[in-house]
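*Asks:* Residue numbering for the sequence shown follows the numbering used here, beginning at 8 and increasing consecutively.
Virtual Cβ for every residue (Gly too), placed ideally from N, Cα, C.
Keep in mind it's a predicted model, so treat the numbers as computed, not measured.
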Amino acid sequence: MQNVTSAIDDPPPDVERFVERFAMLFAEAGLGRMPSRVFGALIVTEEGKLTAGELAERLKVSPAAISGAVRYLVQVGLIVRRRDPGERRDHYEVTDDMWYEAYANRDTQLKAWSDVMAEGVAAVGVETKAGWRLETSRQFFEFLREQLPELMRKWREYQQDPPR
8 MQNVTSAIDD PPPDVERFVE RFAMLFAEAG LGRMPSRVFG ALIVTEEGKL
58 TAGELAERLK VSPAAISGAV RYLVQVGLIV RRRDPGERRD HYEVTDDMWY
108 EAYANRDTQL KAWSDVMAEG VAAVGVETKA GWRLETSRQF FEFLREQLPE
158 LMRKWREYQQ DPPR
């Protein structure tokens, strides 16, 4: 018996445990607890999508908690908000390529972080310990910006012929 869940069924206990464990891991990494739970709940559904009401029911939380969580997840690119033709309600969805999409579109954010670090260097002085720390941070973000496209290209190649 498979343990994936449909949009209408309550998940089996082992799937609920996974979602909570997943949420704890992501919360420890810095993602909020409720967005982590919502993200986990979406990942384990067969179609990868649920409405806000279905999420609230499944996670036994208020619609307000779901609203804030999905807004955040959409903003950071981990889920998308969609409406199927003829439907009156939106649903929230994880895409099959969610991790790629979340990381592939980080150039703007990395540039902003690099730019603000450069401002910090100018503000505290390049010859100071703080200036050195900020410059090292700026260089790190620039390095990521330069390397990320190649890493994403390698991922696509890997997907074409994964090791067995």
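Could you name the residues that DSSP lists as bridge partners for residue 87?
*Replies:* 100
*Asks:* Quick one: residues in its chain with C-beta nearer than 7 Å to the C-beta of residue 8, no 5 flanking neighbours on either side, listed in chain order?
*Replies:* Residue placement at residue 8 cannot be trusted, given a pLDDT of 45 that sits under 50; the coordinates are not used to answer.
*Asks:* Cutting at 6 Å between CB atoms, please list the residues of its own chain near residue 96, excluding the five before and the five after it.
*Replies:* 58
*Asks:* By a C-beta neighbour count over all protein chains shown, 10 Å radius and 16 as the cutoff for buried, is residue 52 buried or exposed?
*Replies:* Around the Cβ of residue 52, a 10 Å sphere holds 16 or more other Cβ atoms; the residue is buried.
*Asks:* Of the choices 138, 153, 35, 44, whose alpha-carbon is the least far from that of residue 67?
*Replies:* Its Cα nearest to that of residue 67, the residue 44 stands out among 138, 153, 35, 44.
*Asks:* In chain order, what residues of the same chain have a beta carbon less than 7 Å from the beta carbon of residue 118, not counting five sequence neighbours either side?
*Replies:* 152
*Asks:* Tell me the DSSP bridge mates of residue 135?
*Replies:* Answer is none; residue 135 lacks a bridge partner.
*Asks:* Would you identify the three-state DSSP class for residue 161, choosing helix, strand or coil?
*Replies:* helix
*Asks:* Using CA atoms only, rank isn't needed, just tell me which of 55, 112, 63 is closest to residue 89.
*Replies:* 55
*Asks:* If you draw a straight line from the C-alpha of residue 48 to the C-alpha of residue 155, how long is it?
*Replies:* 29 Å
*Asks:* CB residue 108 to CB residue 84, shorter than 9 Å?
*Replies:* yes
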